[in-house]
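Terminal number for the sequence shown in this note's numbering: 296, no gaps in between.
Heads up, the beta-carbon is just placed ideally off N, CA and C, and yes, glycines get one too.
Since the structure is predicted, the reported quantities are computational estimates derived from the model, not experimental observations.
What follows is one structure encoded as structure tokens, with my remarks underneath.
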Amino acid sequence: MKMNILFFRVLAVLLVLSAGLPIMAQGVIVYKKNGTFEKFPYEQIDSIVTYNYDATDPTEDGAFTVNGVAFKMILVEGGTFYMGSDSGDINEKPVHSVTLSDYMIGETEVTQELWQAVMGGNPSYFKGNMQRPVEKVSWNDCLDFIEKLNELTGEHFSLPTEAQWEYAARGGRYYEGYVYSGSNTIGNVAWYHENSSSSTHPVKAKQANELGLYDMSGNVWEWCQDWYGDYTSTSVTDPTGASSGSYRVLRGGGWYGDPTYCRVSDRYYLTPERKDGHYGLRLALSSSYKK
């Protein structure tokens, strides 16, 4: 069930009429999601929330298990947003309109536990807690991991495109304008150089963003699918980045970085074979998945 975040705080009678709800002399009859009806007196009505019962709940998740290790994918409803920043680095410009289809994205960065369950080993530099994000993996390593994961699950996981990553980091349709993913206060949502003690940390230790995603800012940089390239000034739909190049995109900043790198619009890039303790990944899944 989808709840549109739109509250009409006007007179109760106008609310009733605009929402098309049945009217009684003493109040309003409301149809509830469990199939029952309930009557509310006018004096108790402060706001009406509209529902679309044919849509999927934006917080509905896909739970997967591979070799005994569970992980979760979060639905991101498609929409149109403005990608980039006029106040950021030159490679964040021009700000341009991007329209995306529905997709799913990992609730967390891929953990060391999940990587080991799929690949049989743990390449990470920072060990000691298997709920830390895997790191010391290249873009090429990530594709090997995803290929093996798809063999084990029968699904079609991938790295997120850069546009998918930024839209999810901003909170998708529920974006509240934050500089970092889920807050304007970086310490609420991110492990970065001032609070990380020069190390990664277990996932989900900080506040989630509007979609329920953790560590989109900080902890480890996250590889994206795209070749790195300049932004276009025109509107695009489901972009996949440059057609070729020498570098792959990373997003989100990390445990060693400055706050500027943890902004939702910040961009970084490296050669696809590069690996060290800063770089990890988050999974994406096409909208064809049905729970």
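Coarse secondary structure for residue i, derived from DSSP in three states
{"i": "residue 268", "result": "strand"}
{"i": "residue 286", "result": "coil"}
{"i": "residue 179", "result": "helix"}
{"i": "residue 276", "result": "coil"}
{"i": "residue 255", "result": "strand"}
{"i": "residue 142", "result": "coil"}
{"i": "residue 123", "result": "helix"}
{"i": "residue 150", "result": "helix"}
{"i": "residue 158", "result": "helix"}
Per-residue burial, residue i [other beta carbons within 10 Å of its own, 16 or more giving buried]
{"i": "residue 112", "result": "buried"}
{"i": "residue 95", "result": "exposed"}
{"i": "residue 206", "result": "buried"}
{"i": "residue 130", "result": "exposed"}
{"i": "residue 257", "result": "buried"}
{"i": "residue 165", "result": "buried"}
{"i": "residue 222", "result": "buried"}
{"i": "residue 156", "result": "exposed"}
{"i": "residue 82", "result": "buried"}
Any non-hydrogen atom of the ligand GDP closer than 7 Å to residue i Cβ
{"i": "residue 186", "result": "You won't find the ligand GDP in this model; it holds no ligand whatsoever."}
8 Å Cβ cutoff met for residue i and residue j
{"i": "residue 142", "j": "residue 286", "result": "yes"}
{"i": "residue 160", "j": "residue 225", "result": "no"}
{"i": "residue 150", "j": "residue 290", "result": "no"}
{"i": "residue 138", "j": "residue 191", "result": "no"}
{"i": "residue 100", "j": "residue 174", "result": "no"}
{"i": "residue 153", "j": "residue 124", "result": "yes"}
Residue i: first and last residue of the uninterrupted alpha helix (DSSP H) it sits in
{"i": "residue 227", "result": "That residue, residue 227, is in no alpha helix (DSSP H); its beta strand (DSSP E) goes 226-232."}
{"i": "residue 77", "result": "It is not in any alpha helix (DSSP H) - residue 77 instead sits in the beta strand (DSSP E) that spans 74-81."}
{"i": "residue 95", "result": "Here residue 95 belongs to no alpha helix (DSSP H), and DSSP marks it neither H nor E."}
{"i": "residue 192", "result": "191-194"}
{"i": "residue 172", "result": "167-174"}
N- and C-terminal bounds of the beta strand (DSSP E) containing residue i
{"i": "residue 104", "result": "101-105"}
{"i": "residue 86", "result": "84-88"}
{"i": "residue 223", "result": "Looking at the DSSP string, residue 223 is not in any beta strand (DSSP E), and its letter there is neither H nor E."}
{"i": "residue 135", "result": "That residue, residue 135, is in no beta strand (DSSP E); it is neither H nor E in DSSP."}
{"i": "residue 108", "result": "108-111"}
Inset, instruction - May I ask you to verify whether the region 178-186 touches the region 236-244, counting CB pairs closer than 8 Å and requiring at least 3? - result: no
Legend entry - Three-pair Cβ contact test at 8 Å for the region 184-200 versus the region 117-129: no
Legend entry - Stretch-stretch touch, CB-based, cutoff 8 Å, three pairs: the region 99-109 with the region 210-225: no
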